[in-house]
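>
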Amino acid sequence: GQQLNQSPQSMFIQEGEDVSMNCTSSSIFNTWLWYKQDPGEGPVLLIALYKAGELTSNGRLTAQFGITRKDSFLNISASIPSDVGIYFCAARNTNAGKSTFGDGTTLTVKP
Amino acid sequence: GAVVSQHPSRVICKSGTSVKIECRSLDFQATTMFWYRQFPKQSLMLMATSNEGSKATYEQGVEKDKFLINHASLTLSTLTVASAHPEDSSFYICSAREIGWKAFEQYFGPGTRLTVT
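Just so you know, the sequences run in chain order R and F.
All residue numbers for the first sequence refer to the numbering used here, where the first residue is 143 and numbers rise by one.
All residue numbers for the second sequence refer to the numbering used here, where the first residue is 0 and numbers rise by one.
1) Give the residues of chain R in contact with Q105 of chain F, contact being defined as C-beta atoms less than 7 Å apart.
2) Could you give the distance in angstroms between the alpha-carbon of C93 of chain F and the alpha-carbon of Y229 of chain R?
3) What does F66 of chain F reach in chain R if we use C-beta pairs closer than 9 Å?
4) Output the distance between the C-alpha atoms of I218 of chain R and S88 of chain F, rounded to the nearest integer angstrom.
5) What does the Cβ neighbour count give for R211 of chain R, buried or exposed, with the cut at 16 atoms within 10 Å?
6) Touch check for the segment 2-11 of chain F and the segment 19-26 of chain F: three-plus C-beta pairs under 8 Å?
7) By how many angstroms is the C-alpha of E159 of chain R removed from the C-alpha of M44 of chain F?
8) Looking at C-alpha atoms only, which residue of F:M32, F:E97, F:T116 and F:T48 is the closest neighbour of H84 of chain F?
9) Taking only beta-carbon atoms, is P150 of chain R less than 8 Å away from chain F?
10) For the beta strand (DSSP E) containing V161 of chain R, list its first residue and its last residue.
11) Excluding the 5 residues preceding and the 5 following E58 of chain F in the sequence, name in chain order all residues of the same chain whose CB lies nearer than 7 Å to its CB.
12) Below 8 Å on the Cβ atoms is my guess for T247 of chain R versus Q151 of chain R; work out the distance and round it to an integer in Å.
13) Can you tell me which of F:A71, F:T30 and F:L67 puts its alpha carbon nearest to the alpha carbon of L78 of chain F?
14) Could you work out which residue in R:N147, R:E157, R:Q145 and R:A232 is closest to D225 of chain R when comparing CA atoms only?
15) If you measure from the beta carbon of F38 of chain F to each beta carbon in chain B, is any gap under 8 Å?
16) Tell me, to the nearest whole angstrom, how far the beta carbon of F171 of chain R is from that of R234 of chain R; I am working on the premise that it is less than 8 Å.
17) Please specify which runs of the beta strand (DSSP E), each continuous and at least 3 residues long, are wholly inside the segment 182-209 of chain R, giving them in chain order.
18) Comparing C-alpha positions only, which one of R:P223, R:A232, R:V251 and R:P253 sits nearest to Q145 of chain R?
19) If you draw a straight line from the C-alpha of A81 of chain F to the C-alpha of T111 of chain F, how long is it?
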């Protein structure tokens, strides 16, 4: 089946540093999504990307839909302690279809 | 907008009992709801897709007689874990897809922590 390879698996950074994580696949997708999950909570949608090459920002977060439609990255600038959590990428092909999720990137921010 | 609630947030039950988890879309109508299971430090595992008014579609390996899903209205879906056993202990998360011109995205509930003793 379709799989998303998310990397890195975990990151330990200092407060104020920038963060970059990405998601790749051997399959083409039409929509890429990025979610954040806090411990003991459900994932929250951060950014949705609908067009190849699209670059979208949400505050300190920036995500891009790869031009090949097989990858996406998420950048977080000037990290703060509340950025701690697990970041999941997800992708799908049709609007009515189910999304495939990556395995997540666990982010730890040291004050 | 796009708020999804789950109830209960945490449940502890004895082996052999059945547990019902509710998932509600509070401020939108959802034709489709998804049920996921998540083990510690792991990704979301899709269990089933639930469409309002029709039978749920289960993923391969998920027992439909064990995990009973009912999507009776556009704002409510329930997951019943029948005759729960310790291996069913997990974090169960529902997600709802909003009907709309653009809103095809899934919004997640806060999850239900099930512990079977």
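For glycine and all other residues, C-beta sits at the position ideal for the given N, C-alpha and C.
Looking at the coordinates:
1) S241
2) 18 Å
3) Near F66 of chain F there are no residues of chain R at all, since even the closest Cβ is about 16 Å away, more than 9 Å.
4) 34 Å
5) buried
6) yes
7) 32 Å
8) F:T116
9) no
10) V161 to T166
11) L45, M46 and A47
12) That belief holds up - the Cβ atoms of T247 of chain R and Q151 of chain R are roughly 7 Å apart, short of 8 Å.
13) F:L67
14) The shortest Cα separation from D225 of chain R among R:N147, R:E157, R:Q145 and R:A232 belongs to R:E157.
15) The displayed structure is made up of protein chains R and F, and chain B is not among them.
16) About 6 Å separates the two Cβ atoms, so the contact holds.
17) Counting only runs of 3+ residues, the beta strand (DSSP E) found wholly inside the segment 182-209 of chain R occupies 186-191, 197-200 and 203-207, in chain order.
18) A check of alpha carbon separations from Q145 of chain R across R:P223, R:A232, R:V251 and R:P253 identifies R:A232 as the nearest.
19) 16 Å
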